[in-house]
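Asks:
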Amino acid sequence: MTSHIPSLPPLPPYPAFNLARLLQTVFHPEKGESVAILIDLENPRDIADFGFLEDENTSIQKNAYTYFYQNLQAEVLQKLGLTGGDIFAYQITGGSNLELPDSAVSPSGKTVSLIDEVYKQYDIVLCISTYSATAPLTAAAKQYGFRGATLHGLNDTILRSGLCVDYDEVSKSAEKLRLGMTRADAVEIDYIVGKTSATLRLELGQQEAQKSHGLCRGKTPDIANLPAGEIYFVPTGAAGEFPLTLEDGTIALVQVENLQVQGASLLKGNQKSVDEYVRRVKSDPAVGMIG
330 MTSHIPSLPP LPPYPAFNLA RLLQTVFHPE KGESVAILID LENPRDIADF GFLEDENTSI
390 QKNAYTYFYQ NLQAEVLQKL GLTGGDIFAY QITGGSNLEL PDSAVSPSGK TVSLIDEVYK
450 QYDIVLCIST YSATAPLTAA AKQYGFRGAT LHGLNDTILR SGLCVDYDEV SKSAEKLRLG
510 MTRADAVEID YIVGKTSATL RLELGQQEAQ KSHGLCRGKT PDIANLPAGE IYFVPTGAAG
570 EFPLTLEDGT IALVQVENLQ VQGASLLKGN QKSVDEYVRR VKSDPAVGMI G
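So that you can map any letter, position 42 of the sequence shown is 371 in our numbering, and since no number is skipped, the others follow by simple counting.
(1) Smallest Cα separation from residue 364: which of 447, 385, 442 and 514?
(2) If you draw a straight line from the alpha carbon of residue 549 to that of residue 434, how long is it in whole angstroms?
(3) Between the alpha carbons of residue 586 and residue 569, how many angstroms are there, rounded?
(4) Taking the beta strand (DSSP E) that residue 554 falls in, what are its first and last residues?
(5) When the Cα atoms are used, what is the spatial distance from residue 456 to residue 390?
(6) Less than 6 angstroms between C-beta atoms, sequence neighbours within five positions excluded: which residues of the same chain meet that for residue 402?
(7) Assign residue 481 to one of two classes, buried (16 or more other C-beta atoms within 10 Å of its C-beta) or exposed (fewer than that).
(8) On the three-pair Cβ rule with 8 angstroms, is the segment 573 to 586 touching the segment 550 to 562?
(9) Please list the segments of the alpha helix (DSSP H) lying wholly inside the segment 381 to 469, counting only runs of 4 or more residues, in order along the chain.
(10) What residue from 608, 523 and 542 has the CA that sits closest to residue 597's CA?
(11) Below 6 angstroms CB to CB, which residues in the same chain sit around residue 513 once its five sequence neighbours on both sides are set aside?
(12) In chain order, what residues of the same chain lie with their CB nearer than 8 angstroms to the CB of residue 487, ignoring the 5 residues before and after it?
(13) Could you check the C-alpha separation between residue 409 and residue 353 for me, to the nearest Å?
(14) How is residue 330 classed by DSSP in three states: helix, strand or coil?
(15) If you count every other CB in all the chains shown that lies within 10 Å of the CB of residue 508, and 16 or more means buried, which is it?
(16) If you drop the 5 nearest sequence neighbours on each side, which residues of the same chain put their C-beta closer than 7 angstroms to that of residue 360?
(17) Do the segment 365 to 378 and the segment 435 to 443 make contact, defined as three or more Cβ pairs closer than 8 angstroms?
(18) Within 10 angstroms of its Cβ, does residue 601 collect 16 or more other Cβ (buried), or is it exposed?
(19) Identify every residue that forms a DSSP beta bridge with residue 511.
(20) Quick one: complete beta strand (DSSP E) runs, 3+ long, within the segment 551 to 593?
(21) According to DSSP, is residue 487 helix, strand or coil?
(22) Reducing DSSP to helix, strand and coil, say where residue 541 ends up.
(23) Can you name the start and end residues of the alpha helix (DSSP H) that residue 377 belongs to?
(24) Work out the CA separation of residue 423 and residue 331 for me, nearest whole Å.
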């Protein structure tokens with residue numbers, strides 16, 4: 330394991346990324362609390378001896394290792410009085426908010442149970458993954474009594490901006506936006522990618538708006554989705570088109586009717602990636618559900 334942790338120059342007007350500050354602000358952890366990191370891999374056994382670091386297609390997981398795992402081990406655990414700092418890999422799910430497997434692998438190559446050896450053993454769980462795991466991890470947190478955060482798609486831009494903000498201020502701003510949007514009938518989102526424009530209409534049914542403000546303090550089991558600051562609803566209907574960036578950077582124009590992805594066309598990048606996305610949506614409708 331290398332002891333060198335590269336620095337990330339901040340993006341104006343953001344301060345430099347500081348893991349200790351982020352964890353302190355989000356969780357207000359108590360001394361002695363334990364923390365674990367989860368990543369997803371096509372082959373979870375690639376975490377053994379950190380073999381995935383040699384794979385050029387694991388940039389998210391490499392960021393988890395470099396800026397979270399190494400930082401925890403080097404200084405943050407001691408600085409905040411935390412314990413653990415362990416990392417585990419589970420099988421990539423293939424879509425946002427799909428159920429997580431129970432089986433995971435440790436850097437020693439040992440197979441572990443997420444339920445018995447992570448959820449029940451750690452106070453704070455950080456999930457840094459390709460696909461969002463907020464919904465299944467929130468359910469697990471409430472069942473097994475831990476707090477945590479999901480940080481899917483972690484890249485250098487997020488590390489230099491969205492994870493550098495003061496989440497106390499983000500929470501205040503998010504509440505102002507929530508009050509302005511609550512009880513809306515619908516929202517239309519307009520997109521422009523190059524010379525292509527698209528609109529997605531979401532029916533909201535006058536719901537009370539919810540906010541993701543990035544704070545997960547106290548002892549109440551919950552999961553923060555970072556970066557935060559969003560206002561969200563569970564749409565009752567969705568129709569139109571929107572651009573979607575796929576894993577390899579390909580941009581697809583996705584067609585939606587009745588809350589479900591119906592198809593997609595290529596805007597930029599690799600047609601095979603779009604075809605594979607459409608295949609996954611057709612084989613597993615949950616992958617293409619808007620909500």
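Using N, Cα and C, we set each Cβ at its ideal position, and we do this for glycine too.
Replies: Inspection of the coordinates gives the following:
(1) Sequence index remark: in the sequence shown, residue 364 carries index 35 (1-based). Minimum Cα distance to residue 364 is reached at 447.
(2) Taking the sequence shown and counting its residues from 1, the one referred to as residue 549 is at position 220. Taking the sequence shown and counting its residues from 1, the one referred to as residue 434 is at position 105. Rounded to whole angstroms, residue 549 to residue 434 spans 28 angstroms at the Cα level.
(3) Taking the sequence shown and counting its residues from 1, the one referred to as residue 586 is at position 257. Taking the sequence shown and counting its residues from 1, the one referred to as residue 569 is at position 240. C-alpha separation (whole angstroms): 7 angstroms.
(4) Your numbering for residue 554 matches position 225 in the sequence shown. Per DSSP, residue 554 belongs to the beta strand (DSSP E) from 551 to 554.
(5) In the sequence shown, counting from the first residue as 1, residue 456 sits at position 127. In the sequence shown, counting from the first residue as 1, residue 390 sits at position 61. Cα to Cα, the separation comes out at about 10 angstroms.
(6) Within the sequence shown, residue 402 is the residue found at index 73, counting from 1. The beta carbon of residue 402 is closer than 6 angstroms to those of 414 in its chain, skipping five residues each way along the sequence.
(7) Position 152 of the sequence shown, counting from 1, holds the residue named residue 481. Counting Cβ neighbours within 10 Å, residue 481 comes out buried, since at least 16 surround it.
(8) no
(9) As for any alpha helix (DSSP H) of minimum length 4 sitting wholly inside the segment 381 to 469, the runs are 388 to 392 and 406 to 409, ordered along the chain.
(10) Your numbering for residue 597 matches position 268 in the sequence shown. Cα-wise, what sits closest to residue 597 is 523.
(11) Numbered from 1 along the sequence shown, position 184 holds the residue referred to as residue 513. If we look at residue 513 and ignore the five residues flanking it on each side, its Cβ neighbours are 533.
(12) For this step, residue 487 is matched to residue 158 along the sequence shown. Cβ within range, chain order: 480 and 556.
(13) Walking along the sequence shown from the start, residue 409 turns up at place 80. Walking along the sequence shown from the start, residue 353 turns up at place 24. In a straight line, the C-alpha of residue 409 is about 8 angstroms away from that of residue 353.
(14) Locating residue 330 in the sequence shown gives position 1, counting from the first residue. In this prediction, residue 330 has a pLDDT of 44, which is less than 50 and means its spatial position is unreliable; what the coordinates show is noted afterwards. Coil, per DSSP.
(15) On the sequence shown, position 179 is the one that residue 508 refers to. Counting Cβ neighbours within 10 Å, residue 508 comes out exposed, since fewer than 16 surround it.
(16) In the sequence shown, residue 360 corresponds to position 31, counting from 1. 410.
(17) yes
(18) Within the sequence shown, the letter at position 272 stands for residue 601. Counting Cβ neighbours within 10 Å, residue 601 comes out exposed, since fewer than 16 surround it.
(19) Against the sequence shown, residue 511 aligns to sequence position 182. Its beta-bridge partners do not exist; DSSP assigns none.
(20) 551 to 554, 559 to 561, 566 to 574 and 580 to 586
(21) If you number the sequence shown from 1, residue 487 lands on position 158. The answer is helix: DSSP assigns residue 487 an H, G or I state.
(22) Translated into the one-based positions of the sequence shown, residue 541 becomes position 212. If DSSP states are grouped into helix, strand and coil, residue 541 belongs with the strands.
(23) The residue labelled residue 377 in the question sits at position 48 within the sequence shown. Neither: residue 377 is in no alpha helix (DSSP H) and is coded neither H nor E.
(24) What you label residue 331 is simply residue 2 of the sequence shown in a count that begins at 1. What you label residue 423 is simply residue 94 of the sequence shown in a count that begins at 1. Because residue 331 sits at a pLDDT of 46, beneath the cut-off of 50, its placement in the model cannot be relied upon, and the point is left open.
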